[in-house]
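Here's the structure, in structure tokens; my notes come after.
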DNA sequence: CACATAAGCTTATGCGCATAAGCAATTCTC
DNA sequence: GAGAATTGCTTATGCGCATAAGCTTATGTG
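Chains as they are written, first to last, in this note's numbering: chain Z, 171 to 327; chain C, 171 to 327.
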């Protein structure tokens, strides 16, 4: 691969990231949400109550980010946090009634965003895209040694 | 498109954004760069001197972001800023010798990142990806009325 | 030419996400 | 069962990017 191709790919990813995020932000702003929060709500809606470590894994963000996201969503009444009975370190996060309603709203705009994103593309191409993106994501994702926590493998910085 | 498909797409874009950016950050950190700065250097390397408004457009970020990025790259000696003779509001940004050397380094890691990103994908798929991403980006990009500056079309907030 | 509008840039401020560091609770190992 | 290592969460802090607001210079309009 020559530099022009490499640059086209990296730049395309960067631009799509910025634009898609900005568009998502614009769409969920009327719901009182900032980007990132919709992902937490949707994850809870998909899977039910989760502890923060699971949310961190599912959302692809670090634990401190989950702490802050959860705190804000709790403050606005969309989620509830309670200590886990089986593990007193852990915090169970679940949707409130308000959060469930909000999640439904988010799902509507989420559908609209996806359709807007692939508008004009051949259906076959659109169907392949999530898989392609996931494959690329896996390629650049930090390596996990196994069931354990991710470790910094390089000692040299 | 049902919600599951829409969600798969949006989530895939979000995750790729996070991971690709994180990987890029890890790769350019040894060069003393933070993510975003490499884009500015590469743009100058591609096109030669630009004023900040052009960089804002090319990089897909807002003018205040360019101001800060440029200030930091100037402080580290990689770019030079000088007033444009034809328009005293504008600031011409160009690479220094140090910046040109650094851009070459960036191009190397940029190639490596792209190859890592599409590793394992069929060559045909990899070749299509930049175009697909660009099409999606165009779909979610803010509408421009024409040659003029983008305007906020909604008065209602 | 005077004035209003637009364009280029900057400062101030806020949010998301990151890493570093630290505490509390759990689990592993002997 | 005691100490060590791991896990879950939090606080502190920093960077990128955004919007809001303001300054300076250019440009359009009478």
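Backbone N, C-alpha and C define an ideal beta-carbon position, used for all residues, glycine too. What you are looking at is a predicted structure, and each value in this text was computed from that prediction instead of being measured.
Asked	Found
Distance CB(residue 269 of chain C)-CB(residue 249 of chain C) smaller than 8 Å	yes
Residue 189 of chain C at chain Z interface by Cβ criterion, 8 Å	yes
Residues of its chain near residue 296 of chain C, where Cβ-Cβ distance is below 8 Å and the 5 sequence neighbours each way are ignored	288
Contact set between residue 186 of chain C and chain Z, taken where Cβ atoms lie within less than 7 Å	183, 303, 306 and 307
Residues of the stretch 281-304 of chain C whose Cβ lies closer than 9 Å to any Cβ of chain Z, in chain order	281, 282, 283, 284, 285, 286, 287, 288, 289, 290, 291, 295, 296, 297, 298, 299, 300, 301, 302, 303 and 304
Chain Z contacts from the stretch 206-221 of chain C (Cβ-Cβ distance under 7 Å)	209 and 212
Entirely enclosed alpha helix (DSSP H) segments - the stretch 195-236 of chain C, minimum 4 residues	207-217 and 222-229
Chain-ordered residues of the stretch 236-251 of chain C with a beta carbon less than 8 Å from chain Z	none
Chain Z contact for residue 230 of chain C (CB, 8 Å cutoff)	yes
Straight-line gap, residue 208 of chain C to residue 173 of chain Z (C-alpha atoms, nearest Å)	14 Å
Beta-ladder partner(s) of residue 252 of chain C, from DSSP	C:262
Residue 306 of chain Z versus residue 274 of chain C: straight-line alpha-carbon distance, rounded	25 Å
Touching by the beta-carbon criterion (3+ pairs, under 8 Å), the stretch 180-190 of chain Z and the stretch 177-188 of chain C	yes
Pairwise C-alpha distance: residue 177 of chain C and residue 257 of chain Z	31 Å
For residue 327 of chain Z, the three-state DSSP class (helix, strand or coil)	With a pLDDT of 26 at residue 327 of chain Z, under the threshold of 50, the modelled position of this residue cannot be trusted; read the value that follows with caution. Residue state, collapsed to three classes: coil.
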